[in-house]
Amino acid sequence: MKRGATKEEIIRTTQELIARNGIRAVRVDEIAQTLGISKRTLYEMFADKNDLVNTCLDVMSLQQRERIVACRKRRGGNPLQRVFRLMNEYVDNLYRVDHVFLSDIRRRVVFAQHFDEHREFWHKELADGLEVCREQHYLLPDVDSSTFADRLLATLLELRLNGAQREELFFFSRTILRGAATREGIDLIDRKA
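Each residue of the sequence shown is one higher than the one before, counting from 1250 in this note's numbering.
So this is what it looks like as structure tokens:
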């Protein structure tokens, strides 16, 4: 057995395993075996599997926020282009993990806080971007940015959970945004495509 796997190595390996196989499918024995350490070594750093998974989810949330900050820094162009980039980042984020992982985190009460924080984070980012688009007359005045963002994100998640391909989600996002756009917004969307 390898001795001395670092906490970061354990987190990284566990993160890779749960993202690929889902939370329920990954066992502590598998994590320890993959790292070449004993379960005891693992339990010296984490109270139990839930503690380890929660730590991994915290790290994943931090990585996601860092990607959004980077996305904000690339936010040149008009507000609709920025919303498109944000929606594409969200779709990419859904495909960084297996759909089983998304289902597990959504359904397990012990991880509900992470799921809720994830959903709220994306909702705020998208709703803010949509509101700027509405204020600049790229979206119809009747569009409620918060409700629109909530429904769009929920639908994209459901499509992902039901096996839709990444390209389908990109196309769906574009189509829905186009349907809520003003003539000026539609022209900008069509020029982008």
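C-beta: ideal position from N, C-alpha, C; glycine also.
As the crow flies, the alpha-carbon of Leu1301 is around 47 Å from that of Thr1431. Phe1397: member of the alpha helix (DSSP H) spanning 1394 to 1410, first to last residue. For Ser1287, there is no enclosing alpha helix (DSSP H), as DSSP gives it neither H nor E. Taking the Cβ atoms as the reference, Ser1422 lies roughly 4 Å from Met1336, within the contact range of under 8 Å. According to DSSP, Ala1430 shares a beta bridge with Leu1388. Assigned with DSSP and collapsed to three states, Val1346 falls in coil, not helix or strand.
Cβ-Cβ separation between Ile1286 and Ala1254: approximately 5 Å, consistent with a contact (criterion under 8 Å). Within the same chain, Cβ atoms closer than 6 Å to the Cβ of Tyr1339 are found at Trp1371, the five residues on either side in sequence being excluded.
Here Leu1343 has Arg1409 as same chain residues with Cβ atoms under 6 Å from its own Cβ, once five neighbours each way along the sequence are excluded. Across the structure, Lys1322 and Arg1316 are spaced so that their CA atoms are roughly 10 Å apart. The Cβ atoms of Val1359 and Asn1299 lie closer than 7 Å to each other.
Following the DSSP letters along the chain, one finds Asn1303 inside the alpha helix (DSSP H) bounded by residues 1298 to 1322.
With distances taken between CA atoms, Asn1270 lies nearest to Ser1352 out of Thr1404, Arg1331, Ser1352, His1363.
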